[in-house]
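Report on the structure given below.
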Amino acid sequence: SSIVYRIIFLVFTFLGSIITASNIKDFSDFMVLGMAFPNILGVLLLSGIVARDLKEYTGMLKRGELEPGYSASGKEENAGEEAGADEVGKAEDEAPEA
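Going by this note's numbering, the residue at position 2 of the sequence shown is 16; the numbering climbs one at a time, nothing skipped.
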């Protein structure tokens with residue numbers, strides 16, 4: 015695959031030396047437009063799903079069904095950190111007085 019990239023680099027280096035700057039600018043504009051089309055299509059296809067999920071989330075938030083510290087999957091976000099802090103606290107409580 016390294017050879018493929020080297021060949022592509024050499025081809026574009028050669029083309030860059032013989033093509034005018036305005037043609038390169040036009041080509042780069044078309045490439046940006048080419049990248050924008052799939053993104054616009056994705057936004058259009060997902061807009062209904064995102065709107066539905068946002069409406070569901072804000073409804074849950076208003077009803078008080080969401081608790082701080084919990085993610086959308088229902089698992090605690092900092093479960094490992096909090097458990098570790100609890101274990102340290104228990105260990106200190108159980109430690110014999112010297």
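Glycine included, each C-beta is placed from N, C-alpha and C at the ideal position. Note that the structure is predicted; figures quoted are calculated from it, not measured.
Considering only their Cβ atoms, is the gap separating residue 80 from residue 74 smaller than 8 angstroms? Position 60 of the sequence shown, counted from the start, is the residue given in the question as residue 74. Position 66 of the sequence shown, counted from the start, is the residue given in the question as residue 80. For residue 74 and residue 80, yes; Cβs fall inside 8 angstroms.
Check this for me: beta carbons of residue 115 and residue 38, under 8 angstroms apart or not? Nothing can be reported for residue 115: it is not among the residues displayed for the chain, which extend from 15 to 112.
Assigned exposure category for residue 99 - 16 Cβ within 10 Å defines buried: As a first step, residue 99 is located in the sequence shown; it is residue number 85 there, counting from the start. With a pLDDT of 49 at residue 99, under the threshold of 50, the predicted position of this residue should be treated as unreliable, and no value is reported.
Which residues bound the alpha helix (DSSP H) around residue 70? In the sequence shown, counting from the first residue as 1, residue 70 sits at position 56. In this chain, the alpha helix (DSSP H) harbouring residue 70 covers 35-77.
For the alpha helix (DSSP H) containing residue 31, name the first residue and the last one. Walking along the sequence shown from the start, residue 31 turns up at place 17. Looking at the DSSP string, the run of the alpha helix (DSSP H) that includes residue 31 is 16-32.
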